[in-house]
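Worksheet for the structure shown next.
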Amino acid sequence: MRIVDFLRARPRLALLLLAILLAVLPFLVGAGLGKSWVRVLDFALLYVMLALGLNIVVGYAGLLDLGYVAFYALGAYLYAWLASPHFGLHLPFWAVLPLGALLAGVFGVLLGAPTLRLRGDYLAIVTLGFGEIIRIFMNNLDAPINITNGPQGMNLIDPIAFGGFALSKTHKFFGIGVSNAHLYYYLFLAFVLALIFVAMRLQDSRIGRAWAAIREDEVAASAMGIDTRNVKLLAFAMGATFGGLAGGLFSAFQGFISPESFGLMESIMILCMIVLGGMGHIPGVILGAVLLTVLPEALRYVGDWQRALIGRVAVDPADLRMLLFGCALILMMLFRPEGLWPSRQRKRELHAADEVAEQESASVYDARG
Amino acid sequence: MDIFVQQLINGLVLGSIYALVALGYTMVYGILELINFAHGEVTMIGAMVALAVIGALMGVAPDLPGIVIVLGGVLVAVPVCMLLGFGIERLAYRPLRNAPRLAPLITAIGLSIVLQNVAMLIWGRQYIAFPPLLPQGSHEVLGAHISTLQLFIVALSVLVMLGLWFVVQKTRLGRAMRATAQSREVAALMGVNVNSVIATTFVIGSALAALAGVMVSAYYGLAHYYMGFLLGLKAFSAAVLGGIGNIAGAMLGGLLLGVIEALGAGYIGDLTGGFLGSNYQDVFAFFILILVLVFRPSGLLGERVASRA
Chain A
56 MRIVDFLRAR PRLALLLLAI LLAVLPFLVG AGLGKSWVRV LDFALLYVML ALGLNIVVGY
116 AGLLDLGYVA FYALGAYLYA WLASPHFGLH LPFWAVLPLG ALLAGVFGVL LGAPTLRLRG
176 DYLAIVTLGF GEIIRIFMNN LDAPINITNG PQGMNLIDPI AFGGFALSKT HKFFGIGVSN
236 AHLYYYLFLA FVLALIFVAM RLQDSRIGRA WAAIREDEVA ASAMGIDTRN VKLLAFAMGA
296 TFGGLAGGLF SAFQGFISPE SFGLMESIMI LCMIVLGGMG HIPGVILGAV LLTVLPEALR
356 YVGDWQRALI GRVAVDPADL RMLLFGCALI LMMLFRPEGL WPSRQRKREL HAADEVAEQE
416 SASVYDARG
Chain B
1075 MDIFVQQLIN GLVLGSIYAL VALGYTMVYG ILELINFAHG EVTMIGAMVA LAVIGALMGV
1135 APDLPGIVIV LGGVLVAVPV CMLLGFGIER LAYRPLRNAP RLAPLITAIG LSIVLQNVAM
1195 LIWGRQYIAF PPLLPQGSHE VLGAHISTLQ LFIVALSVLV MLGLWFVVQK TRLGRAMRAT
1255 AQSREVAALM GVNVNSVIAT TFVIGSALAA LAGVMVSAYY GLAHYYMGFL LGLKAFSAAV
1315 LGGIGNIAGA MLGGLLLGVI EALGAGYIGD LTGGFLGSNY QDVFAFFILI LVLVFRPSGL
1375 LGERVASRA
């Protein structure tokens, strides 16, 4: 704890150390754990982007979006359509990524407009349905006109390239070979930092305060003159935009996409990340995203343990993953609804609500006892 | 014309199953204003437990008539699901009754994931076939076929719904449920044991879900650990279509949704010039859900306009 206090007193030094750590992290991880873990890092960064986006919707504005992955899918498919041999288009990434984000944002508005004037529960179920609709269309739009190539998915998607410098190849810098996983790490890191900046500025803005007001009490917020419907719509569209952007990056990084990557479980996992980390708190959300990307990878070792202990793999670790996520969601809500790393304000709010509720239930329900 | 009647019949059969599941959503929503996301999974567990018992009975006493074996499965599945519904309410919803709205929604999703994965660990990832134990005959109505099983499903659903209507409208328990739905606090002041009424609501809904689960797996001849998800979503859409919180609405919504789906799947190819096929059947429920929410959020029979808060 002494180190933490030392660094807290010197924020610039802490920031510098963090920057150095982030810069050398892929090399440390690559040397220590193997190259496949650098790809895990890349995915962790992608999920950080998604979690930051969903955090705007769920954490800031308090709207439960269960089909978030649909926006991710839209971004990914748009990238694949505009930069792969499928339609013979090869537009550069700086044109496609913003388009993907825009498309996702437009769909966010289209979906949010009819539902956001209703109660939050409806939004949850409509977004859930929307996620499924998008997946069903991606799965079936290969006939009669082949738009999405159906369940086989689309491949040979162009990598991100700056001029002739493609991130998909290994490049040499000062005699050191830097692989594509490393290059994408730095690209994703840059995007993550940009999105963190946007999310922080949004949170502290007038709109951010409006979101918090709506989250806490919508009636009171609208009485204060907030146009609740439009402000919620803005949160929804903004979250969708983040998702679309991350989708485009995913498409370019992976080089291959199929509807399987965009199932409901993906949406749930992103939701898990922000619930676990701490809704509405950026460091918490990042922690949640990194934890939930890295832990399932580590869970693979559970198979080895089982083999060592009882001689065979009784429970497939991949099957265990969702079970643990489900339990985590329930337990977190019951025992620590503010998340692992909550903002101070949020923590106070949640526990104040508990006290009031206890008083209320004591006075109402025990009267007949 | 034959195709029209045939699809109408298929739709009504499927719709009566949707209606049974939708009743569970609508009763819980009416009382707690909460979407019980785990309800679809209760249906799935009902089907799986019934199939497990049926399999065991066929092994132990293969000479029993098919209907008795299926009945045995149902008689185990229904209490198991009732217990499950009771446990769900107790563990995941009651402690959060005064928490922010988002909290019970998230535990509900967590529960549904847990139930799905537990089912997957117990019964595996593969589809489980429903053994051909029930009578296979079929009858002709207006040039279309209706099988004995289909007739049976519709008849049983109607019976169960009439029974539920009687309980809610004519008994002391039903009056307590309606009072709790109107205002939990006032009902408590009038001497209604609110907690036990809510628990009973979950238990009744789960029993209906178990029945629906057995029906749907007998109808399609299959059960799968993932079957509850889509069924639950559609049933919820049906409940919203009829007016959520309204019991007659859930029945009407379920039947309508089944018919719309069947007719839609039958005619979508012709309507879109072959561009979209019957593999889009599952999309209708969501489009209807969104349309209802846009144009008539209170549903067809809902008196209360959905709160805008």
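So the sequence lines, in the order shown, correspond to chains A and B.
All residue numbers in the first sequence are consecutive under the numbering used here, ending with 424.
All residue numbers in the second sequence are consecutive under the numbering used here, ending with 1383.
Each residue gets a CB set at the ideal place from its N, CA and C atoms; glycine is no exception.
Could you check where the beta strand (DSSP E) with Ile-1220 of chain B kicks off and where it finishes?
1218 to 1221
In chain order, what residues of the region 385 to 405 of chain A put their CB closer than 7 Å to some CB of chain B? Ile-385, Met-388, Leu-389, Pro-392
Original post:
Any idea which residues DSSP pairs Ser-1090 of chain B with across the strands?
Top reply: DSSP lists no partner for Ser-1090 of chain B.
N- and C-terminal bounds of the beta strand (DSSP E) containing His-1213 of chain B: 1212 to 1215
- Message: Our contact map puts Ile-1220 of chain B next to Leu-1185 of chain B with C-beta atoms below 8 Å; I'd like the distance itself, whole angstroms only.
- Response: Going by Cβ atoms, the distance from Ile-1220 of chain B to Leu-1185 of chain B rounds to 37 Å, so no, they are not a contact pair.
message = Among B:Ala-1166, B:Val-1127, B:Gly-1317, B:Gln-1224, whose alpha-carbon lies nearest the alpha-carbon of Gly-1211 of chain B?
response = B:Gln-1224
With C-beta atoms as the reference, is Gly-1323 of chain B less than 8 Å away from Leu-1374 of chain B? yes
- prompt: Cα-Cα, which of A:Val-357, A:Gly-333, A:Pro-372 is closest to Gly-394 of chain A?
  reply: A:Gly-333
| query | Taking 8 Å as the CB-CB limit, is Ala-1380 of chain B close to chain A? | reply | Because the pLDDT of Ala-1380 of chain B is 42, which lies under 50, any placement of that residue in the model is unreliable, and the number read from its coordinates should be weighed accordingly. Cβ-Cβ to chain A under 8 Å: yes for Ala-1380 of chain B.
Original post:
Rounded to whole angstroms, how far is the Cβ of Ile-323 of chain A from the Cβ of Ile-1187 of chain B, which I believe are closer than 8 Å?
Top reply: 6 Å
Taking only three categories from DSSP, how would you classify His-145 of chain A? strand
Q.
Between Asp-1356 of chain B and chain A, is any beta-carbon pair separated by less than 8 Å?
A. yes
Using beta-carbon positions only, say whether Asp-197 of chain A and His-145 of chain A come within less than 8 Å of one another. no
**Q.** Buried versus exposed, by CB contacts within 10 Å (16 or more), Gly-424 of chain A
**A.** With a pLDDT of only 39 at Gly-424 of chain A, under the threshold of 50, the placement of this residue in the model should not be trusted, and no figure is reported.
Checklist entry - Can you check whether the CB of Cys-1155 of chain B is closer than 8 Å to the CB of Gly-1129 of chain B? => result no
Which residue wins for smallest C-alpha separation from Ala-282 of chain A, given the options A:Met-293, A:Ile-269, A:Phe-291, A:Gly-294? For the sequence presented, residue 282 of chain A should be read as Asp rather than Ala. Here the closest residue by C-alpha is A:Ile-269.
message: Let's test the definition: count the other Cβ atoms within 10 Å of the Cβ of Asn-1110 of chain B and tell me whether it reaches 16, buried, or not, exposed.
response: buried
| task | Quick one: list the residues of chain A neighbouring Val-1188 of chain B, beta-carbon separation under 8 Å, in chain order. | result | Leu-378, Gly-381, Cys-382, Ile-385
Min CB distance Val-103 of chain A to chain B below 8 Å: no
Problem - Inter-residue CB distance, Phe-162 of chain A and Leu-129 of chain A (contact presumed, cutoff 8 Å) - result: 6 Å
- Query: My guess is that Gly-1020 of chain B and Leu-1305 of chain B are in contact by the Cβ rule of under 8 Å, so how many angstroms apart are they, rounded?
  - Reply: Coverage of chain B is limited to positions 1075 through 1383, which leaves residue 1020 of chain B absent and any answer about it impossible.
Excluding sequence positions up to five away, which residues of its chain have a Cβ less than 6 Å from the Cβ of Val-103 of chain A? Val-247, Ile-341, Ala-344
* How about Ala-159 of chain A and Gly-299 of chain A: are their beta carbons less than 8 Å apart? -> yes
Among B:Leu-1082, B:Thr-1100, B:Val-1368, B:Phe-1369, nearest to Gly-1217 of chain B - alpha-carbon criterion: B:Leu-1082
Would you mind listing the alpha helix (DSSP H) stretches within the region 301 to 340 of chain A that are 4+ residues and don't spill past its ends, in chain order? 319 to 332
Practice problem: Using a Cβ cut-off of 7 Å, pull out every chain B residue sitting near Tyr-115 of chain A, in sequence order please. | Solution: Correct list: empty, because the minimum Cβ distance to chain B is about 12 Å.
Does chain B have any CB closer than 8 Å to the CB of Thr-170 of chain A?
yes
**Q.** Under 8 Å between C-beta atoms of Tyr-1099 of chain B and Ala-1309 of chain B
**A.** yes
Cβ pair count under 8 Å reaching 3, the region 1189 to 1198 of chain B against the region 372 to 379 of chain A:
yes
query = Would DSSP call Ser-277 of chain A helix, strand or coil?
reply = helix
Problem set entry | Through-space distance from Thr-203 of chain A to Glu-315 of chain A, alpha-carbon basis | 13 Å
- prompt: Checking contacts by CB at 8 Å: is Glu-352 of chain A closer than that to chain B?
  reply: no
(Q) Are the CB atoms of Gly-1089 of chain B and Leu-1330 of chain B within a distance shorter than 8 Å? (A) yes
Any Cβ of chain A within less than 8 Å of the Cβ of Val-1152 of chain B? no
**Report entry** Val-1095 of chain B, buried or exposed, once every other Cβ within 10 Å from all chains shown has been counted against 16
**Finding:** buried
Exercise. Does DSSP put Ala-198 of chain A in a helix, in a strand, or in coil?
Worked result: coil
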